[in-house]
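What the first sequence shows, in our numbering, is residues 739 to 844, in sequence order.
For reference, the structure is listed below as structure tokens.
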Amino acid sequence: MTSYYQQVYDLVRSIPEGKVVTYGQIAKLIDRPRYARQVGYALAALPAGHDVPWHRVVNARGEISRRAVSDYEDYQQILLEDEGVEFELNGRIDLKSYQWVPDANH
DNA sequence: ATGGAGGCGCACA
DNA sequence: CTGTGCGCCTCCA
739 MTSYYQQVYD
749 LVRSIPEGKV
759 VTYGQIAKLI
769 DRPRYARQVG
779 YALAALPAGH
789 DVPWHRVVNA
799 RGEISRRAVS
809 DYEDYQQILL
819 EDEGVEFELN
829 GRIDLKSYQW
839 VPDANH
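In structure tokens, the structure reads:
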């Protein structure tokens, strides 16, 4: 079976441009509460040539998390800004405005 | 099987 | 709002 990894990827792929979601949110959406960490793990294990917009995934505070390869932290911010996501001076995103809420359907 | 580590979250202070 | 501590579950050596 393809574990939850596939579910995470499918979900992340459905995130609309200019929007972001948190790890914990993804965990709940794939019916796996408390899997926030594993979501991060899944994204860290993304295979080459994938089509998953991992940059739209941030932590609960709306900031880009530290990761193994720090180079990608800046890259992630650039990608988001390129989609219209605004970052505050402290490097955070205003989740009220940019967090994607699947349910809302709005 | 065991221990350490990992792109986090939540409760508290 | 920020920093700290502990819990969650899986992966890897």
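Each residue gets a CB set at the ideal place from its N, CA and C atoms; glycine is no exception.
The structure presented is a predicted model; accordingly, all values stated were derived computationally and were not measured.
task: Would you identify the three-state DSSP class for ARG794, choosing helix, strand or coil?
output: Here the question's residue 794 lines up with position 56 in the first sequence. The answer is helix: DSSP assigns ARG794 an H, G or I state.
- prompt: Near TYR743, what residues of its chain come up, given a Cβ to Cβ distance below 6 Å and the 5 sequence neighbours on each side ignored?
  reply: In the first sequence, counting from the first residue as 1, residue 743 sits at position 5. If we look at TYR743 and ignore the five residues flanking it on each side, its Cβ neighbours are ALA780.
query: According to the neighbour-count rule (16 or more other Cβ atoms, all chains shown, within 10 Å of its Cβ), is HIS788 buried or exposed?
result: Numbered from 1 along the first sequence, position 50 holds the residue referred to as residue 788. Its Cβ having fewer than 16 others within 10 Å, HIS788 is exposed.
task: Could you tell me if ARG794 is buried or exposed, where buried requires 16 or more neighbouring beta carbons within 10 angstroms of its beta carbon?
output: What you label residue 794 is simply residue 56 of the first sequence in a count that begins at 1. Residue environment for ARG794: buried (at least 16 other C-beta atoms within 10 angstroms of its C-beta).
task: List the whole-angstrom C-beta distance separating ARG830 from GLU801, where the pair is believed to meet the contact cut-off of C-beta under 8 Å.
output: The sequence position of residue 830 within the first sequence is 92, counting from 1. The sequence position of residue 801 within the first sequence is 63, counting from 1. Going by Cβ atoms, the distance from ARG830 to GLU801 rounds to 5 Å, so yes, they are a contact pair.
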